[in-house]
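First comes the structure, then the notes that go with it.
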Amino acid sequence: MPKLSLLKLITATDLGRPFRMLISVFICAVILSAFMNILMLTSPIFMMQIFDRVLTGRHLETLILLTLIAAAALMTFGGLDWARNQLMARIGASIQRDLAPRVLKASIQNRIRTGADGGQAMRDLGTVRQLLGGKTLFPFLDAPWSLIFFILLWLIHPWMGIYAVICAVTLMLCAILSNLASRSLNRKTQKEQMAAQHWVDLAVNESEAISALGMQSSLVQRYLDRLHKLHDGLHRSENRIEIIGSGARTLRQMAQIGIMTVAAYLLLQDELSQGVVIASSILLARALAPMELMITQWQPLLNGLSALKRVMQLLAGYRDDAEKTCPPTPKTRLGIQQMGLRKPDRQGGFLLRDINIKAERPEIFGIMGPSGAGKTCLCRALAGVAVPELGEIRLDGARLDQWPADDLGRHIGYMPQDVGLPPASVAETIARLSQDPDMDKVYAVAQRVEAHDFIMQLPNGYDTRIGAEGFPLSGGQRQRIGLARALYGDPVMIVLDEPDAHLDTESAQILARVIHAEKQRGAIIFLVSHRPAMLQVTDKLIIMSDGCVTKQGNSREILTELKNRSIPPKPELDQTAPSRKSAPAKKTVPA
Ligand SMILES: Nc1ncnc2c1ncn2[C@@H]1O[C@H](COP(=O)(O)OP(=O)(O)OP(=O)(O)O)[C@@H](O)[C@H]1O
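Structure follows, in structure tokens:
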């Protein structure tokens, strides 16, 4: 999508009523800031009155009255400060709570489409919460209202006003300079931070392989290299900000001395009273406080805004499923026409080209071909995970992307090559993370895939927690649970990507029986396998090579033909897939 400014992104993205409410709350915070700044006049006015009225006239009652008024004003200030903190904290929390579901769904979509880091958007949302919920914005909320102090200084004496404006401009320049000095370094450190995080994620997710292959030290070294660069960048950036910050603090102290000098001079000229001299010093301190804070908060503000921009960019390209009308429950009818699937980065060529498959009744399709032929890509497209760039896949007349994802998921049973199990109970996992699983359906499907017995032997049966930090399952057990999950809810189309990869012969036979039973139930099944014995269960065979279907037809005939070539089973099957040269003409798909 074209690059848009943050403001345009926010206005172009419909974030719904909660976001509009949050804007109203934000406006309240701005108004509160105005009142707080007015109440900050308490000290200078109090000082002025003490010196010019109480001390000169020796009025004790006035002193008591002034003290009471000042105390009341300062208590009100404290209350407003508390209210503003609470409001901002709530804005941050609501933004995270209201946007998290959409951002998470959009991240899943984006990860599938582009392969981008799916966790980044959620981290960005955390940064946005910190920006809105923390104290970063306060100096920026206070800055416009500090105009009151400048006007008052001007009214006290134009010289004072001019002096205050010069001090403020100098501090603003420091803030801008601090931002310019650290901007490019910060961009680099952000990248280094992400790169270092990738190594940590890898260490956690692939811990066993890393340990077994003796890669620990190399991995730690690579992580340290990144960390070193990150810390180096952070150190240099903090250094620059600190130098400018110290300069600004010194300037501020000097400004304080300076205004006293100007005021004292005007006092000697009988142009000001004593109280006004003290009050003007306090007024200047108040006027410059937000500028000084802005120097340190500028970078967190920019980080927060760029995180917000990334979140908005993600949401702008996301179409919520709620906007889609769900087609009726599909019957067993599938049509794939001239389907082409492009690489996620949209730069390279096509992963799949010119795929045509038709199924009008319950059937089992076997998919075979050498490694890298595109079998998994086809499975992903069939499961609605990858959206074709060309042609279409229609289930009972409706294009897969016309379905809301959750509704489509109920009609499709997908078992990927790597069965990732969530941190949930066995029952919840089989019931596709339902928090209230229909146990009758769960038992039925577990029995169908003959997983019931081993599940009952787990420490807590169907309540045993599996997945990360849960009970460790064998590869075959994971696949059985993955299969049960795919078949849960009697989907009309089942896509199984090498479901027999970890199965022994007996389990593979069970799988063949399950697949046959699913066909009897009325499902269309796609089965990727390298085992000829497993492919015997199929009705039709699709042979793939280089992203194309090179042969398609009756399984028995094709398997006999392959067998007659009398080459050993697995390599034979791989080699029988026609080469690129024998692939059908690709005229319908651009290179
Ligand atoms: N997200 C992606 N981006 C770019 N290329 C991809 C992507 N996914 C797959 N590919 C490429 O598409 C080709 C087909 O991959 P695919 O995983 O479908 O093969 P396969 O037939 O399932 O292989 P195997 O039998 O080894 O699992 C491979 O060359 C792979 O590198």
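According to the UniProt record's numbering, the stretch in the sequence shown is residues 1 to 591, in order. Glycine included, every Cβ here is placed at the ideal spot set by N, Cα and C. Just so we're clear, the structure is a prediction, and the values are computed from it rather than from any experiment.
Item	Value
For Ile151, which option in Gly340, Asp504, Leu284 has the closest C-alpha, if you only look at C-alpha atoms?	Leu284
Buried or exposed: where does Ala196 fall if 16 or more other Cβ atoms within 10 Å of its Cβ makes it buried?	buried
Can at least three beta-carbon pairs, one atom from the segment 510-524 and one from the segment 542-549, be found at a separation below 8 Å?	no
If you draw a straight line from the alpha carbon of Met312 to that of Arg187, how long is it in whole angstroms?	19 Å
State the beta-bridge partners of Lys331 as determined by DSSP.	None; Lys331 has no bridge partner.
Just to confirm my understanding: we take Thr376, look at its own chain, exclude 5 residues before and 5 after, and list those with CB closer than 7 Å. What are they?	Gln417, Asp497
Determine, using beta carbons only, whether Pro139 and Gln297 come nearer to each other than 7 Å.	yes
Along the chain, where does the alpha helix (DSSP H) containing Ser545 start, and where does it finish?	It is not in any alpha helix (DSSP H) - Ser545 instead sits in the beta strand (DSSP E) that spans 540-545.
Taking the alpha carbon of Trp145 as the point to measure from, which residue in Pro388, Gly384, Ala29, Arg236 has its own alpha carbon closest?	Ala29
Check for me: the beta strand (DSSP E) holding Arg394 runs from which residue to which?	390-395
Residues bridged to Lys551 by DSSP?	Ile543
Whose CB is closer than 5 Å to a heavy atom of ligand 1? List the residues in chain order.	Lys343, Pro344, Leu351, Ser371, Gly372, Ala373, Gly374, Lys375, Thr376, Cys377
Quick check: what's the CA-CA separation for Gln447 versus Ala405?	28 Å
Buried or exposed for Thr56, going by 16 or more other Cβ atoms inside 10 Å?	exposed
Answer with buried or exposed for Trp403, where buried requires no fewer than 16 other C-beta atoms within 10 angstroms of its C-beta.	buried
Evaluate the contact criterion for the segment 61-75 versus the segment 32-52: three or more CB pairs, one atom per stretch, below 8 Å.	yes
How would you write the range of the beta strand (DSSP E) that Ile494 sits in, first residue to last?	493-497
Flag this pair as yes or no: are the beta carbons of Leu132 and Gly92 separated by less than 7 Å?	yes
In chain order, which continuous runs of the alpha helix (DSSP H) of length 4 or greater are located wholly inside the segment 130-201?	138-142, 147-156
Would you kindly work out how many angstroms separate the C-alpha atoms of Gly372 and Cys326, rounded to a whole number?	35 Å
What is the DSSP secondary structure of Phe51, counted as helix, strand or coil?	helix
Sorted by chain position, which residues of the same chain lie with C-beta nearer than 8 Å to Asp52's C-beta, five sequence neighbours on each side aside?	Ser273, Gln274, Gly275, Val276
Three-state secondary structure (DSSP) at Arg97?	helix
To the nearest whole angstrom, what separates the beta carbons of Val528 and Ile367, a pair I think is in contact under 8 Å?	5 Å
Report the three-state DSSP secondary structure of Leu559 (helix, strand or coil).	helix
Helix, strand or coil: which one does DSSP assign to Val220?	helix
Look at the alpha carbon of Leu503 and the alpha carbon of Glu469, and state the distance between them as a whole number of angstroms.	24 Å
Looking at Gly340 and Leu390, is the spacing between their C-beta atoms short of 7 Å?	yes
Between which two residues does the beta strand (DSSP E) harbouring Arg353 extend?	350-359
Looking only at its chain, what residues have a beta carbon closer than 6 Å to the beta carbon of Ala386, apart from the 5 residues adjacent to it on each side?	Leu341, Arg380
Indicate whether the contact test is met: 3 or more Cβ pairs, each with one atom in the segment 203-211 and one in the segment 233-242, closer than 8 Å.	no
How far does the alpha helix (DSSP H) with Gly476 in it reach, from first residue to last?	475-487
For Met544, does the count of other Cβ atoms within 10 angstroms reach 16, so buried, or fall short, so exposed?	buried
With a threshold of 6 Å on Cβ separation, who are the neighbours of Asp321 within its own chain once the five nearest residues in sequence on each side are excluded?	Pro404, Ala405
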